[in-house]
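In my numbering, the protein residues as written are 342 to 596.
Beta carbons: idealized from backbone N, C-alpha and C, even for Gly.
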(Lines of atoms letter the chains of each structure in order from A and count residues from 1; the text may use other names and numbers.)
(Lines give C-alpha, C1' and ligand atoms only; values in the text may rest on other atoms or scores of the structure.)
Protein backbone atom coordinates (compact mmCIF):
# COMPACT_ATOMS: atom_id res chain seq x y z
CA UNK A 1 0.00 0.00 0.00
CA UNK A 2 1.30 3.45 -0.92
CA UNK A 3 2.16 5.73 1.93
CA UNK A 4 0.47 9.13 1.66
CA UNK A 5 2.96 11.99 1.92
CA UNK A 6 1.85 15.58 2.48
CA UNK A 7 3.75 18.39 0.85
CA UNK A 8 4.99 20.87 3.48
CA UNK A 9 2.52 23.56 2.36
CA UNK A 10 -0.40 21.13 2.46
CA UNK A 11 0.53 20.00 5.96
CA UNK A 12 0.73 23.62 7.07
CA UNK A 13 -2.75 24.32 5.70
CA UNK A 14 -4.12 21.22 7.44
CA UNK A 15 -2.56 22.16 10.78
CA UNK A 16 -3.81 25.74 10.43
CA UNK A 17 -7.36 24.54 9.71
CA UNK A 18 -7.25 22.18 12.70
CA UNK A 19 -6.04 24.97 14.98
CA UNK A 20 -8.77 27.28 13.68
CA UNK A 21 -11.43 24.64 14.32
CA UNK A 22 -10.11 24.09 17.84
CA UNK A 23 -10.17 27.83 18.50
CA UNK A 24 -13.89 27.97 17.77
CA UNK A 25 -14.67 25.59 20.64
CA UNK A 26 -12.80 27.82 23.06
CA UNK A 27 -15.07 29.96 25.24
CA UNK A 28 -14.77 33.67 24.47
CA UNK A 29 -16.32 35.86 27.19
CA UNK A 30 -18.38 38.84 26.05
CA UNK A 31 -18.25 41.16 29.06
CA UNK A 32 -21.34 43.33 29.62
CA UNK A 33 -22.58 45.75 32.26
CA UNK A 34 -24.76 43.85 34.68
CA UNK A 35 -28.40 44.86 35.12
CA UNK A 36 -29.61 44.78 38.72
CA UNK A 37 -32.87 45.55 40.47
CA UNK A 38 -33.35 47.99 43.33
CA UNK A 39 -32.35 45.27 45.84
CA UNK A 40 -29.10 44.50 44.06
CA UNK A 41 -30.25 41.24 42.49
CA UNK A 42 -28.89 40.53 39.02
CA UNK A 43 -31.48 40.71 36.24
CA UNK A 44 -31.47 38.61 33.06
CA UNK A 45 -29.33 39.74 30.15
CA UNK A 46 -31.15 42.43 28.13
CA UNK A 47 -32.79 40.75 25.09
CA UNK A 48 -31.03 43.04 22.61
CA UNK A 49 -27.61 41.90 23.87
CA UNK A 50 -28.59 38.22 23.74
CA UNK A 51 -29.96 38.67 20.22
CA UNK A 52 -26.81 40.39 18.91
CA UNK A 53 -24.33 38.03 20.57
CA UNK A 54 -26.28 34.96 19.41
CA UNK A 55 -26.31 36.30 15.84
CA UNK A 56 -22.56 36.92 15.92
CA UNK A 57 -21.88 33.49 17.42
CA UNK A 58 -23.97 31.76 14.76
CA UNK A 59 -22.37 33.68 11.90
CA UNK A 60 -18.76 33.30 13.07
CA UNK A 61 -18.94 29.87 14.70
CA UNK A 62 -17.20 31.38 17.74
CA UNK A 63 -18.22 30.21 21.21
CA UNK A 64 -19.27 33.64 22.50
CA UNK A 65 -20.49 33.53 26.13
CA UNK A 66 -22.07 36.53 27.85
CA UNK A 67 -20.69 37.39 31.28
CA UNK A 68 -22.22 40.25 33.31
CA UNK A 69 -20.24 42.31 35.83
CA UNK A 70 -20.35 45.81 37.30
CA UNK A 71 -19.31 48.05 34.41
CA UNK A 72 -16.02 49.24 35.89
CA UNK A 73 -14.98 45.67 36.68
CA UNK A 74 -15.92 44.55 33.16
CA UNK A 75 -13.73 47.31 31.72
CA UNK A 76 -10.73 46.31 33.85
CA UNK A 77 -11.16 42.65 32.91
CA UNK A 78 -11.29 43.53 29.22
CA UNK A 79 -8.22 45.76 29.53
CA UNK A 80 -6.41 42.71 30.93
CA UNK A 81 -7.42 40.67 27.89
CA UNK A 82 -10.03 38.56 29.69
CA UNK A 83 -12.81 39.07 27.15
CA UNK A 84 -14.52 41.29 24.62
CA UNK A 85 -16.24 44.42 26.00
CA UNK A 86 -19.77 44.94 24.69
CA UNK A 87 -21.05 48.49 24.28
CA UNK A 88 -17.89 50.44 25.09
CA UNK A 89 -17.58 53.88 23.56
CA UNK A 90 -14.38 54.60 21.65
CA UNK A 91 -12.35 57.14 23.66
CA UNK A 92 -8.69 58.20 23.38
CA UNK A 93 -7.94 56.34 26.62
CA UNK A 94 -9.56 53.11 25.41
CA UNK A 95 -7.89 53.29 22.00
CA UNK A 96 -4.59 52.69 23.77
CA UNK A 97 -5.67 49.21 24.88
CA UNK A 98 -8.54 48.27 22.54
CA UNK A 99 -9.42 48.00 18.90
CA UNK A 100 -13.09 48.41 18.03
CA UNK A 101 -15.43 46.54 15.74
CA UNK A 102 -17.52 48.12 13.04
CA UNK A 103 -20.78 49.64 14.40
CA UNK A 104 -23.33 46.97 15.29
CA UNK A 105 -26.27 49.42 15.55
CA UNK A 106 -26.84 53.00 16.72
CA UNK A 107 -27.71 53.78 20.34
CA UNK A 108 -29.42 57.07 21.17
CA UNK A 109 -28.86 58.84 24.47
CA UNK A 110 -32.23 59.89 25.87
CA UNK A 111 -33.12 62.16 28.77
CA UNK A 112 -35.92 60.72 30.88
CA UNK A 113 -37.87 62.78 33.40
CA UNK A 114 -40.99 62.43 35.56
CA UNK A 115 -44.31 63.72 34.29
CA UNK A 116 -44.53 65.53 37.65
CA UNK A 117 -41.66 67.74 36.52
CA UNK A 118 -40.96 67.10 32.82
CA UNK A 119 -37.67 68.26 31.38
CA UNK A 120 -37.84 69.90 27.98
CA UNK A 121 -34.66 69.54 25.97
CA UNK A 122 -34.22 71.40 22.68
CA UNK A 123 -30.76 72.89 23.19
CA UNK A 124 -27.89 72.50 25.64
CA UNK A 125 -28.85 75.68 27.49
CA UNK A 126 -32.03 73.86 28.64
CA UNK A 127 -29.78 71.76 30.90
CA UNK A 128 -28.19 74.68 32.72
CA UNK A 129 -27.88 73.92 36.46
CA UNK A 130 -29.76 70.64 36.07
CA UNK A 131 -28.68 67.42 37.75
CA UNK A 132 -28.43 64.46 35.37
CA UNK A 133 -28.17 60.85 36.54
CA UNK A 134 -25.83 58.70 34.42
CA UNK A 135 -24.67 55.11 34.71
CA UNK A 136 -21.70 54.49 36.97
CA UNK A 137 -18.54 55.14 34.94
CA UNK A 138 -20.60 56.16 31.90
CA UNK A 139 -19.07 58.09 29.00
CA UNK A 140 -21.17 59.77 26.34
CA UNK A 141 -20.77 61.91 23.24
CA UNK A 142 -18.14 64.69 23.03
CA UNK A 143 -20.71 67.49 23.29
CA UNK A 144 -22.15 66.01 26.48
CA UNK A 145 -18.73 65.31 27.97
CA UNK A 146 -17.55 68.88 27.27
CA UNK A 147 -20.45 70.30 29.30
CA UNK A 148 -20.70 67.88 32.22
CA UNK A 149 -19.92 69.47 35.60
CA UNK A 150 -19.84 72.85 33.85
CA UNK A 151 -23.27 73.52 32.37
CA UNK A 152 -24.98 70.76 34.38
CA UNK A 153 -24.14 68.46 37.29
CA UNK A 154 -23.71 64.70 37.15
CA UNK A 155 -25.01 62.09 39.61
CA UNK A 156 -23.71 58.52 39.22
CA UNK A 157 -24.18 56.81 42.57
CA UNK A 158 -27.22 54.64 41.79
CA UNK A 159 -26.37 51.28 40.22
CA UNK A 160 -29.81 50.21 38.96
CA UNK A 161 -32.19 51.88 36.50
CA UNK A 162 -34.99 51.43 39.03
CA UNK A 163 -33.11 53.37 41.70
CA UNK A 164 -32.16 56.06 39.22
CA UNK A 165 -35.81 56.54 38.27
CA UNK A 166 -36.78 56.69 41.96
CA UNK A 167 -34.36 59.59 42.28
CA UNK A 168 -36.49 61.39 39.69
CA UNK A 169 -39.67 60.83 41.66
CA UNK A 170 -38.05 62.22 44.80
CA UNK A 171 -36.61 65.21 42.89
CA UNK A 172 -33.00 64.32 43.70
CA UNK A 173 -32.18 64.60 40.00
CA UNK A 174 -33.84 66.41 37.10
CA UNK A 175 -33.33 63.72 34.48
CA UNK A 176 -31.91 60.26 33.92
CA UNK A 177 -29.75 59.67 30.84
CA UNK A 178 -30.28 56.28 29.21
CA UNK A 179 -28.65 54.66 26.19
CA UNK A 180 -31.17 52.83 24.04
CA UNK A 181 -31.56 51.37 20.57
CA UNK A 182 -35.26 52.28 20.89
CA UNK A 183 -36.78 55.55 19.68
CA UNK A 184 -38.31 57.97 22.22
CA UNK A 185 -41.84 56.52 22.03
CA UNK A 186 -40.61 52.93 22.31
CA UNK A 187 -38.37 53.73 25.27
CA UNK A 188 -41.15 55.61 27.08
CA UNK A 189 -43.56 52.70 26.60
CA UNK A 190 -40.98 50.22 27.86
CA UNK A 191 -40.08 52.25 30.95
CA UNK A 192 -43.71 52.89 31.90
CA UNK A 193 -44.43 49.19 31.55
CA UNK A 194 -41.40 48.03 33.55
CA UNK A 195 -41.46 50.76 36.23
CA UNK A 196 -45.11 51.80 36.80
CA UNK A 197 -44.50 53.72 40.04
CA UNK A 198 -44.50 57.05 38.18
CA UNK A 199 -45.13 58.23 34.64
CA UNK A 200 -41.91 58.66 32.69
CA UNK A 201 -41.39 61.13 29.88
CA UNK A 202 -38.66 60.80 27.26
CA UNK A 203 -37.43 64.02 25.67
CA UNK A 204 -38.20 64.20 21.95
CA UNK A 205 -34.60 65.08 21.11
CA UNK A 206 -31.68 62.91 22.17
CA UNK A 207 -28.52 64.47 23.58
CA UNK A 208 -26.59 62.44 21.02
CA UNK A 209 -26.04 58.98 19.67
CA UNK A 210 -23.13 56.66 19.35
CA UNK A 211 -22.65 53.45 17.42
CA UNK A 212 -22.78 50.32 19.52
CA UNK A 213 -19.26 48.90 19.35
CA UNK A 214 -17.49 45.87 20.75
CA UNK A 215 -14.04 46.58 22.18
CA UNK A 216 -11.41 43.97 21.37
CA UNK A 217 -8.31 43.91 23.63
CA UNK A 218 -4.96 44.30 21.88
CA UNK A 219 -3.72 40.94 23.12
CA UNK A 220 -2.56 38.42 20.48
CA UNK A 221 -5.36 36.00 21.38
CA UNK A 222 -8.10 38.62 21.09
CA UNK A 223 -6.85 40.77 18.20
CA UNK A 224 -7.27 37.85 15.79
CA UNK A 225 -11.03 37.98 16.45
CA UNK A 226 -11.49 41.52 15.08
CA UNK A 227 -11.63 40.69 11.35
CA UNK A 228 -13.88 37.71 12.06
CA UNK A 229 -16.34 39.87 13.99
CA UNK A 230 -16.21 42.68 11.42
CA UNK A 231 -16.95 40.27 8.58
CA UNK A 232 -19.93 38.91 10.51
CA UNK A 233 -21.28 42.40 11.28
CA UNK A 234 -21.01 43.36 7.59
CA UNK A 235 -22.76 40.16 6.53
CA UNK A 236 -25.55 40.41 9.12
CA UNK A 237 -26.25 44.03 8.21
CA UNK A 238 -26.23 43.31 4.50
CA UNK A 239 -28.72 40.44 4.75
CA UNK A 240 -30.96 42.37 7.17
CA UNK A 241 -30.59 39.96 10.10
CA UNK A 242 -29.14 42.56 12.46
CA UNK A 243 -31.91 45.10 11.84
CA UNK A 244 -34.53 42.37 12.18
CA UNK A 245 -33.08 41.41 15.57
CA UNK A 246 -33.11 45.03 16.76
CA UNK A 247 -36.67 45.59 15.53
CA UNK A 248 -37.92 42.40 17.15
CA UNK A 249 -36.79 43.60 20.59
CA UNK A 250 -37.89 47.25 20.21
CA UNK A 251 -41.54 46.38 20.80
CA UNK A 252 -43.41 49.57 21.73
CA UNK A 253 -46.04 47.84 23.84
CA UNK A 254 -43.83 45.30 25.57
CA UNK A 255 -41.82 45.49 28.78
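Item                                                                                                                                   : Value
Residue 492 beta carbon less than 9 Å from that of residue 426                                                                         : no
Inter-residue Cα distance where the pair is residue 408 and residue 527                                                                : 27 Å
Residue 515 versus residue 498: straight-line alpha-carbon distance, rounded                                                           : 15 Å
Collapsed DSSP secondary structure at residue 586 in the structure displayed                                                           : helix
Buried/exposed call for residue 432, threshold 16 Cβ in 10 Å                                                                           : exposed
Whole-number beta carbon distance between residue 423 and residue 438, since they are thought to touch under 8 Å                       : At roughly 12 Å, the Cβ-Cβ gap does not stay under 8 Å, so residue 438 and residue 423 are not in contact.
Reference residue 559; option with closest CA among 430, 436, 392 and 367                                                              : 436
Straight-line Cα distance separating residue 551 from residue 448                                                                      : 6 Å
Secondary structure of residue 560, DSSP reduced to three states                                                                       : coil
Nearest-angstrom Cα separation, counted from residue 389 out to residue 522                                                            : 9 Å
The segment 476 to 483 touching the segment 542 to 556, judged by at least three CB pairs closer than 8 Å                              : yes
Residue 398 to residue 467 span [Cα, whole Å]                                                                                          : 43 Å
Local Cβ density within 10 Å of residue 416, reported as buried at 16 or more and exposed below that                                   : buried
Residue 450 (DSSP reduced to helix, strand or coil)                                                                                    : strand
Residues bridged to residue 383 [DSSP beta-bridge criterion]                                                                           : 377
Residues sharing a beta bridge with residue 516, DSSP                                                                                  : 473
Nonlocal neighbours in the same chain, by C-beta distance under 7 Å from residue 384, ignoring five residues either side               : 376, 377 and 378
Residue 552 - containing beta strand (DSSP E), residue span                                                                            : 549 to 552
Residue 374 to residue 391 span [Cα, whole Å]                                                                                          : 13 Å
First through last residue of the beta strand (DSSP E) which encompasses residue 494                                                   : 494 to 496
Touch test, the segment 495 to 514 against the segment 450 to 461, Cβ-Cβ under 8 Å, three pairs minimum                                : yes
Rounded separation between residue 580 and residue 465 - CA only                                                                       : 38 Å
Within 9 Å, strictly: CB atoms of residue 525 and residue 500                                                                          : no
Where residue 598 falls: helix, strand or coil (DSSP)                                                                                  : Absent from the model: residue 598. The displayed extent of the chain is 342 to 596, so no value can be given.
C-alpha gap between residue 495 and residue 434, whole angstroms                                                                       : 21 Å
Contacts around residue 586, its chain only, beta-carbon distance under 7 Å, and the 5 residues preceding and following it disregarded : 392, 393 and 396
Coarse secondary structure for residue 405, derived from DSSP in three states                                                          : strand
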